[in-house]
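Heads up: the structure comes next, in structure tokens.
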Amino acid sequence: MRRSLAVIQPSLFEGWSTLVEDARCLGKRIILSDLPVNIEQNPPNCIFFERNSPDALASLLADWWENLSSGADLEQEAIAKTNSKREVKAFGYRFLEIAKGS
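Residue 8 is where the sequence shown starts when you use the working numbering, and the numbers rise one by one after that.
Take a look at the structure:
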């Protein structure tokens, strides 16, 4: 995944996607179908396409193709790592609040 140009999640139906979370943690660009759960995940560096339109996906790929580069993007990975640590910490604190009944 680190060496990919981008991650494509063309699902028509699915639950919360760990693929999206993995790509998020690596700071990869993500091309997602417009499923409500994908929109809810809303990772940075993503763009959505109409899930029932192969033409929309093809058009998006054609537009993005020139701006994608393979290989690890160490700067984006560092940003993603910092964000992930912050989000995990916030989740943990929120979980503790709920568990305490606050």
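We put the beta carbon where it would ideally sit given N, CA and C, even for glycine. Keep in mind the model is a prediction, meaning the values are calculated, not measured.
Opposing strand residues paired with residue i [DSSP bridges]
i	result
residue 14	37
residue 56	40
Inter-residue spacing [alpha-carbon to alpha-carbon] between residue i and residue j
i	j	result
residue 105	residue 86	29 Å
residue 44	residue 21	8 Å
residue 79	residue 103	35 Å
residue 61	residue 54	15 Å
residue 38	residue 81	20 Å
residue 34	residue 108	35 Å
Boundaries of the alpha helix (DSSP H) in which residue i is found, first to last residue
i	result
residue 101	81 to 107
residue 66	61 to 72
Top-ranked residue by Cα proximity to residue i, from the options
i	options	result
residue 32	15, 19, 8	8
To test your reading of the DSSP string, which unbroken beta strand (DSSP E) runs of 3 or more residues are found completely within the segment 16 to 45?
37 to 40
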